[in-house]
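Let me begin by presenting the structure, written as structure tokens, before commenting on it.
There are 2 protein chains.
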Amino acid sequence: MVAPKTIPQYRKLYEILRKHILDGVYKEGDLLPSENELCHLFGMTRPTVRQSLSTLSNNGYIRKHQGKGSIVHHLPREIGILSVSGTTSALGNRNLETRIIVKPVLMQWPSDFMFPLTELEKESGCIYMERVRFLDDVPIFYDISFIANINLPRITARQFENRSLFQILRDNYRIEIKGGDQRIKAIPATAKISRLLHLKKEQPVLHLERKMETNNPGLFLYSSIFCNTEKYSIFGRF
Amino acid sequence: MVAPKTIPQYRKLYEILRKHILDGVYKEGDLLPSENELCHLFGMTRPTVRQSLSTLSNNGYIRKHQGKGSIVHHLPREIGILSVSGTTSALGNRNLETRIIVKPVLMQWPSDFMFPLTELEKESGCIYMERVRFLDDVPIFYDISFIANINLPRITARQFENRSLFQILRDNYRIEIKGGDQRIKAIPATAKISRLLHLKKEQPVLHLERKMETNNPGLFLYSSIFCNTEKYSIFGRF
DNA sequence: TCATTTAACTTGTATTTACAAGTAAATAAT
DNA sequence: ATTATTTACTTGTAAATACAAGTTAAATGA
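In order, the protein sequence lines correspond to chains A and B.
Under the working numbering, think of the first position of the first sequence as 1, with each following residue one higher.
Under the working numbering, think of the first position of the second sequence as 1, with each following residue one higher.
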């Protein structure tokens, strides 16, 4: 683990309020304390409080209304960075499991890679792995990940089962995802995909190709994700 | 048309920089003028300039780097609020066309509507329309729209061909989209969808169900969108 | 009683000031 | 010539202050 840097005040308040919303202290439709109340409660000035609320708003946790206040928005449940919301069953603490199909190995980048690569990335090779994620014992995501092998010592030796790749990168290498691009398509399931996701061949699956940016400039994470959207949908905000 | 309210300074600067980026004055990878330079150029203070840049960053037009500056990010092409990016051909000024399948009509909401509705919405009924959007004469989107009939006089009489629904709402009713939720699935094309999008039956299509929030609290736009993602992908940021 | 006005809240916009922290290029020392 | 160091720039964080504008409920008027 790596020593954390000093966390700014607005970030601390953001994390506190976010946790309270996710824990149900503030429920959907509730009014958050006003900006001035938060100032007094946490000993900050209004611009600092407003920065926290602005980030919460941008990330979809609240909606702000001039003259009224900040109202808690409904809560997406996140898996990795993907949000899913069930189309049939109600939200709840579902059993979530990750299974490794191909353990992390160091290899060359595929020649027809889905995103253009820099010279540095090409030279470094990539760490490759395949996982399937289950929700209530139903396979939902088949995830193929690529990371450039830049300053990631001993990563292939680490335990990935039931632990988020993002969490390992944050705890051990202090790498955080800052954002990214994605392409979304609907494709027919190949033989391999239908086998892994327990689908019939040619059945429609969602295909996401993602490039994620990190706080380490020049280091990107790439994922090709196949989703079974028969029972669950991908949920998003814009 | 409705008289516009006063537009805040940070919004003006946002629009100027956004237009310059879209027009290619600042190209991908370029460094924007520094915050202090923008202050002098536009006669604002740094917090105001920073608010513009922060919005640009949140909307994916730039990426900020401490110590370096603001760097122009690549540009997705937008159709309505959806962004598409070609998987084969290069970006360019494509021929974009909207064709009405069902003209706007006032009707009751479907009984099994995709989102829960408020009492006010149910009472008001909805304005319904169907459109298909073409890119280079290829049908890409089949869009079914629903709007609650709240304070929208004479909307069914207006011209919708080749003009964005969002633009009409903004110009005539001063309604702006502030954000929204969406569910994404991959489904097999029905007979109607395959006919409209020139696809084989059962071929995978992307299905988006969107609820869009407006600056008018209580007024939402709903869309059910079917996308042919064979040649183009839906492009997004997170 | 009912409608209007007022007052007390809320968030939105904007200025000014100060220092911290990251980057890159010019400068000095080896 | 090469390596450190300094310096000058960049964005990040934070405070204190002021007024505008939207919302709500209490106070006031007819």
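All residues carry an ideal CB built from backbone N, CA and C; glycine is no exception.
Please confirm whether A/Asp23 has its beta-carbon closer than 7 Å to some beta-carbon of chain B. No, no contact with chain B.
For A/Ile177 versus A/Ile155, is the C-beta spacing smaller than 7 Å? With contacts defined by Cβ atoms closer than 7 Å, A/Ile177 and A/Ile155 do not form a contacting pair.
Residues of chain A with a CB under 8 Å from the CB of B/His65: which are they? Near B/His65 (Cβ distances below 8 Å), the residues of chain A are Pro217.
is_contact[B/Phe115, chain A] using C-beta, thresh 7 Å: Interface annotation, B/Phe115: not in contact with chain A, CB-CB separation never under 7 Å.
With 7 Å set as the bound, which would you pick, yes or no: does the beta-carbon of B/Gln51 sit closer than that to a beta-carbon of chain A? Any Cβ of chain A closer than 7 Å to the Cβ of B/Gln51 would place that residue at the interface, and such an atom is absent.
In the DSSP output, what is A/Leu208 paired with across the bridge? Listed as beta-bridge partners of A/Leu208 by DSSP are A/Ile184, A/Ile225.
Cβ neighbour criterion (16 or more within 10 Å) applied to B/Thr229: Here B/Thr229 is buried, its C-beta having at least 16 other C-beta atoms within 10 Å.
Three-state secondary structure assigned by DSSP to B/Ala189: Coil at B/Ala189, not helix or strand.
Can you tell me the Cβ-Cβ gap for A/Leu206 and B/Lys185, rounded? I've got them flagged as a contact below 8 Å. Cβ atoms of A/Leu206 and B/Lys185 come within 8 Å of each other, at about 7 Å.
So, helix, strand or coil for B/Pro217, using DSSP? Residue state, collapsed to three classes: coil.
Taking the alpha-carbon of B/Phe238 as reference, which of B/Ser57, B/Gly43, B/Gly24, B/Glu123 has the nearest alpha-carbon? Each of B/Ser57, B/Gly43, B/Gly24, B/Glu123 was checked against the Cα of B/Phe238, and the nearest Cα belongs to B/Ser57.
Counted within 10 angstroms of its Cβ, other Cβ atoms place A/Val106 as buried (16 or more) or exposed: The question names Val, yet the displayed sequence has Leu at residue 106 of chain A. Classification of A/Leu106: exposed, given that the 10 Å Cβ count is below 16.
I want to know whether the stretch 69-76 of chain B touches the stretch 103-119 of chain B - three or more CB-CB distances under 8 Å. The answer is no - the stretch 103-119 of chain B does not touch the stretch 69-76 of chain B, with fewer than three Cβ pairs under 8 Å.
Relative to the ligand ATP, is the shortest distance from any of its heavy atoms to the C-beta of B/Thr118 smaller than 6 Å? The model on display carries no ligand, and the ligand ATP is accordingly not part of it.
For A/Phe238, the three-state DSSP class (helix, strand or coil): Per DSSP, reduced to three states, the secondary structure at A/Phe238 is coil, with no helix or strand assignment.
Going by Cα to Cα distance, which pick from A/Glu28, A/Thr55, A/Asn36 is closest to A/Lys46? Just to set this straight, residue 46 of chain A is Arg in the shown sequence, not Lys. Nearest option by C-alpha distance: A/Asn36.
Quick one: residues in its chain with C-beta nearer than 6 Å to the C-beta of A/Val49, no 5 flanking neighbours on either side, listed in chain order? These residues qualify, in order along the chain: Glu35, Leu38, Cys39.
Would B/Asn149 count as contacting chain A if we go by Cβ distances under 7 Å? Cβ-Cβ to chain A under 7 Å: no for B/Asn149.
Between the CA atoms of A/Pro217 and A/Glu119 - distance to the nearest angstrom: Distance between the alpha carbons of A/Glu119 and A/Pro217 is about 14 Å.
DSSP three-state label for B/Asp23, please. Here B/Asp23 carries a helix assignment [DSSP, helix/strand/coil].
So which of A/Tyr173, A/Val138, A/Leu152 has the shortest CA-CA distance to A/Arg99? Of A/Tyr173, A/Val138, A/Leu152, the residue nearest in Cα terms is A/Val138.
Does any CB atom of chain B fall closer than 7 Å to the CB of A/Ala191? So, not an interface residue.
Please list the residues of the stretch 182-210 of chain A that have a C-beta atom closer than 7 Å to any C-beta atom in chain B, keeping them in chain order. The stretch 182-210 of chain A vs chain B, Cβ under 7 Å: Gln182, Arg183, Ile184, Lys185, Ala186, Ile187, Pro188, Pro204, Val205, Leu206.
If you run the structure through DSSP and keep just helix, strand and coil, what is B/Pro47? Reduced to three states, the DSSP call for B/Pro47 is helix.
Does DSSP classify A/Leu53 as helix, strand or coil? Secondary structure at A/Leu53: helix, using DSSP grouped into helix, strand and coil.
Name the chain A residues whose beta carbon is nearer than 7 Å to that of B/Asn58? By Cβ distance, chain A contributes Asn58.
Local Cβ density within 10 Å of B/Ile7, reported as buried at 16 or more and exposed below that: Residue environment analysis places B/Ile7 among the exposed positions, since fewer than 16 neighbouring C-beta atoms fall within 10 angstroms of its C-beta.
Can you name the residues of chain B whose CB is closer than 7 Å to the CB of A/Phe238? Identification of chain B residues near A/Phe238 by a Cβ-Cβ cut-off of 7 Å yields Ile81, Gly179, Gly180, Gln182, ordered along the chain.
Residues bridged to A/Glu78 (per DSSP): Looking at the DSSP output, A/Glu78 sits in a beta bridge with A/Ser83.
Check whether B/Arg158 and B/Ile168 have beta carbons under 7 Å apart: Cβ atoms of B/Arg158 and B/Ile168: closer than 7 Å.
Minimum Cβ-Cβ distance from A/Ser224 to chain B less than 7 Å: Interface with chain B (7 Å Cβ-Cβ cutoff): A/Ser224 is excluded.
Do you know offhand how far B/Leu197's Cα is from B/Ala191's? Whole-angstrom Cα-Cα distance: 10 Å.
Beta-carbon contacts of B/Tyr61 that lie in its chain and below 8 Å, excluding the five residues immediately before and after: Cβ within range, chain order: Leu17, Arg18, Ile21, Val72, His73, Leu75.
Is it right to say A/Leu13 is buried, meaning 16 or more other beta carbons lie within 10 angstroms of its own, or is it exposed? With 16 or more other Cβ atoms from the protein chains shown falling within 10 Å of its own Cβ, A/Leu13 counts as buried.
Residues of the stretch 118-149 of chain B in Cβ contact with chain A at a cutoff of 8 Å, in chain order, please. Taking 8 Å as the Cβ-Cβ cut-off against chain A, none of the residues of the stretch 118-149 of chain B qualify.
For A/Arg11, count neighbouring C-beta atoms within 10 Å of its own C-beta (all shown protein chains included) and say buried if the count is 16 or more, exposed if not. By the beta-carbon neighbour count (other beta carbons within 10 angstroms, threshold 16), A/Arg11 is exposed.
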